[in-house]
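Protein chains: 2
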Amino acid sequence: MVVRPSRTSEHTDGRTAEVYQTAAKIILQKGYDATSVSDIADALGITKAGLYHYIRGKTELLYDIMKYGLQELDREVMVPARKIADAEERLRFVIATHANLVTRGDGAVTILVDEARALSPSQYRAVTRLKRAYLEFLRETIEELRAHGKLRGVNSTVAAFAIIANVNWLSRWYQPDGGLSAQEIAGQIADATLFGLMKQGKQRSLQAL
Amino acid sequence: MVVRPSRTSEHTDGRTAEVYQTAAKIILQKGYDATSVSDIADALGITKAGLYHYIRGKTELLYDIMKYGLQELDREVMVPARKIADAEERLRFVIATHANLVTRGDGAVTILVDEARALSPSQYRAVTRLKRAYLEFLRETIEELRAHGKLRGVNSTVAAFAIIANVNWLSRWYQPDGGLSAQEIAGQIADATLFGLMKQGKQRSLQAL
DNA sequence: TCCTACCTACCGAACGGTAGGTAAATAGTC
DNA sequence: GACTATTTACCTACCGTTCGGTAGGTAGGA
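Structure representation (structure tokens):
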């Protein structure tokens, strides 16, 4: 996870990126509330006061990590997806790419999922707004499938949440050293989810199982 | 949520049930770490020390709630499901019933999902063991489908987690006063998930969408 | 006379955060 | 290049607050 320069954080160099990466990793493991600022400082080999040189506060750190996760989702999933004309192909791309982002696991995208509760109201609103944009993007693509007569009798909200559920849940059970590769899993999830929604999906050749 | 008498908690009357229900509700809203023992006591209209008359500790309270959730899952989903001979029908029943349990929402089943991290190692092991039993139950049923030649080329682990993902994610977006009823959603999730896994599902008549 | 169901008052530990300092690097001036 | 001013990157030491938990008491019912 590389943090790009932004107006909201005045430190943009490599050390700040390291702070964010380390924090994301620990928060992912222990949860936000159970992670103390000292935990993060210790992992970085500095003191708590030293860490406050880089962050403005604990929730601001969380918020910045989440913002990065949402940017990542936009940059790597939504922007490229919008260039795909065919709705079915687009949806398959979104599911597989998002799944890869979760398993690649620098943490930011995943932290997004669970820890929003800890944000301040205004931070929460900002994050929720961007999450909702992603949901709407999925819903629109699904409705496009329906318009082409390809969708089964499934509510598009339920379907969109089903996609998000499957992808995000990956972070809870995926093990890099397990029997299945991230690509295999991503492909299978995309396939099963799409097939469940559509009247007749072009069934992809499935990799070894 | 009604807590049944058990050997591990010495108080079994109505007040203890009220304690557990209230605690579950608050933990569900705020998260376990962010919920203080005083929060729960306040909601019950007693002091913190008064609450300790009913509980042995904060994690024990969480553990007891989770144990109840797992019992609920066993009693209401797995036990009746085992009586269903047809694997497809059985899987549909499991998905729909589990989904209803989540949306009915007295909290215990849902808390199970997110807060296991806060348990002590031995408590964590106990909960994980029972969760794994549920996963295995799903996997076996899915493999039964495969044995009958009904399954598409999907890994049964991926499929089992997909079911769990869809059902548990419900708790994050289901709104009782929303446009969709719990039954509708449960039915659609069961239908879309099953259809995604199977070669040819008996497509149920879907309710209004 | 016990037991149940609480209470007040408190403890030690951990928390997020800050005040105020310092050594080393960097930038500006001559 | 030498000297100074400023900034960076931390530090020690501490603050007020909140936390989970407890000791010891009490009012009321069986």
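Those protein sequence lines, which keep their order, are chains F and E. Position in the first sequence counted from 1, then plus 1349, gives you my numbering. Position in the second sequence counted from 1, then plus 1349, gives you my numbering. Glycine included, each C-beta is placed from N, C-alpha and C at the ideal position.
Under 9 Å by beta carbon: chain F residues contacting residue i
i         : result
Leu1529/E : Asn1504, Thr1506, Val1507
Extent of the continuous alpha helix (DSSP H) run through residue i
i         : result
Glu1425/F : First-last for Glu1425/F: undefined, no H or E at that position.
Leu1484/E : 1470-1496
Val1443/E : 1436-1453
Thr1384/F : That residue, Thr1384/F, is in no alpha helix (DSSP H); it is neither H nor E in DSSP.
Val1503/F : That residue, Val1503/F, is in no alpha helix (DSSP H); it is neither H nor E in DSSP.
Leu1377/F : 1363-1379
Leu1461/E : 1457-1463
Leu1400/E : 1397-1400
When the options are compared against residue i, the one with the closest alpha-carbon
i         : options                                    : result
Glu1492/E : Thr1506/E, Gly1527/E, Tyr1483/E            : Thr1506/E
Asp1455/F : Tyr1403/F, Tyr1417/F, Gly1528/F, Trp1522/F : Tyr1417/F
Val1458/F : Arg1474/F, Arg1521/F, Arg1431/F            : Arg1521/F
Gly1406/F : Asp1526/F, Gln1472/F, Gln1532/F, Arg1488/F : Gln1472/F
Ala1436/E : Val1368/E, Leu1487/E, Asp1526/E            : Leu1487/E
Phe1510/F : Gly1502/F, Tyr1483/F, Pro1429/F, Met1427/F : Tyr1483/F
Tyr1412/F : Asp1526/F, Leu1479/F, Ile1513/F, Ser1530/F : Leu1479/F
Pro1470/F : Leu1529/F, Ile1375/F, Glu1409/F, Ala1392/F : Glu1409/F
Leu1450/F : Ile1534/F, Arg1364/F, Gly1528/F            : Ile1534/F
Val1503/E : Arg1453/F, Ile1375/F, Ala1373/F, Leu1543/F : Leu1543/F
Gln1370/F : Ala1531/F, Ala1392/F, Thr1490/F, Ala1383/F : Ala1392/F
Arg1364/E : Ile1404/E, Thr1384/E, Gln1532/E            : Ile1404/E
Gln1524/E : Thr1452/E, Ile1433/E, Ala1430/E, His1447/E : Thr1452/E
His1447/E : Ala1390/E, Met1427/E, Glu1438/E, Ile1433/E : Met1427/E
Asp1432/F : Thr1490/F, Ser1385/F, Met1415/F            : Correcting the residue type first, residue 1432/F is Lys in the shown sequence and not Asp. Of Thr1490/F, Ser1385/F, Met1415/F, the residue nearest in Cα terms is Thr1490/F.
Glu1367/F : Ala1390/F, Gln1532/F, Arg1481/F, Glu1438/F : Ala1390/F
Lys1374/F : Glu1485/F, Ile1460/F, Ala1434/F            : Ile1460/F
Ala1508/E : Glu1485/E, Ala1475/E, Val1476/E            : Glu1485/E
Glu1438/F : Ser1530/F, Leu1494/F, Leu1529/F, Ile1512/F : Leu1494/F
Ile1414/F : Ile1512/F, Val1476/F, Asp1526/F            : Val1476/F
Where residue i meets chain E, residues with beta-carbon distance less than 8 Å
i         : result
Arg1466/F : Lys1379, Gly1380, Ala1383
Phe1442/F : Residues of chain E passing the Cβ test: none, with the nearest at roughly 18 Å.
Asn1449/F : Correct list: empty, because the minimum Cβ distance to chain E is about 15 Å.
Contact set between residue i and chain E, taken where Cβ atoms lie within less than 7 Å
i         : result
Gln1537/F : Val1503, Asn1504, Val1507
Cross-chain neighbours of residue i in chain F, by beta carbon under 7 Å
i         : result
Ile1600/E : Residue 1600/E lies beyond the residue range present for chain E, which begins at 1350 and ends at 1558; the question has no answer from this structure.
Asp1510/E : Note on identity: in this sequence residue 1510/E is Phe, with Asp being the wrong assignment. By Cβ distance, chain F contributes Trp1518, Trp1522.
Ala1373/E : Those within 7 Å of Ala1373/E in chain F number zero; the least Cβ separation is about 16 Å.
Ala1514/E : Ala1514, Asn1515, Trp1518
Contacts of residue i in chain E (Cβ-Cβ under 9 Å)
i         : result
Ala1541/F : Arg1501, Val1503, Val1507, Ala1508, Ala1511, Thr1542, Gly1545, Leu1546
Legend entry - the segment 1497-1506 of chain E contacting the segment 1515-1524 of chain E, beta-carbon criterion three pairs below 8 Å: no
Legend entry - Touching by the beta-carbon criterion (3+ pairs, under 8 Å), the segment 1536-1546 of chain E and the segment 1441-1448 of chain E: yes
Legend entry - Stretch pair the segment 1421-1430 of chain E + the segment 1390-1408 of chain E: three plus CB contacts closer than 8 Å: no
Inset, instruction - Would you check if the segment 1463-1472 of chain E and the segment 1370-1384 of chain F touch, i.e. whether three or more CB-CB distances between them fall below 8 Å? - result: yes
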